[in-house]
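Novice:
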Amino acid sequence: MLIRFCMVTAYCVKCRSKREIKNPKETKLKNGRPAVKGKCPKCSTNVFRIGKME
Ligand SMILES: [Zn+2]
Numbered sequence: 001m002l003i004r005f006c007m008v009t010a011y012c013v014k015c016r017s018k019r020e021i022k023n024p025k026e027t028k029l030k031n032g033r034p035a036v037k038g039k040c041p042k043c044s045t046n047v048f049r050i051g052k053m054e
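Note that the sequence shown covers residues 1 to 54 in my numbering.
Have a look at this one:
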């Protein structure tokens with residue numbers, strides 16, 4: 001089964017669940033891998049996900 005992410009989601013440690021990333025921004029890790037960072041729309045905690053935006 002192919003899993004596609006239509007939204008950019010990340011795990012929020014405060015909500016203890018997956019949330020859509022608010023204001024997602026692409027970034028890169030030190031090892032050059034792409035990542036997306038942003039904020040949880042509910043509690044404004046910084047959330048982070050490894051991978052590209054799409
Ligand atoms: Zn949250």
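Each residue gets a CB set at the ideal place from its N, CA and C atoms; glycine is no exception.
Heavy atom of ligand 1 less than 6 Å from the Cβ of T45, yes or no?
Specialist: In the sequence shown, residue 45 corresponds to position 45, counting from 1. Yes - ligand 1 has a heavy atom lying nearer than 6 Å to the Cβ of T45.
Novice: Pick out whichever of K42, G51, A10 and K14 has its Cα sitting closest to the Cα of R33.
Specialist: Residue 33 sits at position 33 when you count from the first residue of the sequence shown. It is G51 whose Cα lies nearest to the Cα of R33.
Novice: According to DSSP, which residues form a beta bridge with T27?
Specialist: Position 27 of the sequence shown holds residue 27. According to DSSP, T27 bridges with A35.
Novice: Got a sec, what are the start and stop residues for the beta strand (DSSP E) S17 sits in?
Specialist: Position 17 of the sequence shown holds residue 17. That run of the beta strand (DSSP E) goes S17 to E20.
Novice: Taking just the CA atoms, how far does T45 sit from C12?
Specialist: What you label residue 12 is simply residue 12 of the sequence shown in a count that begins at 1. What you label residue 45 is simply residue 45 of the sequence shown in a count that begins at 1. Distance between the alpha carbons of C12 and T45 is about 7 Å.
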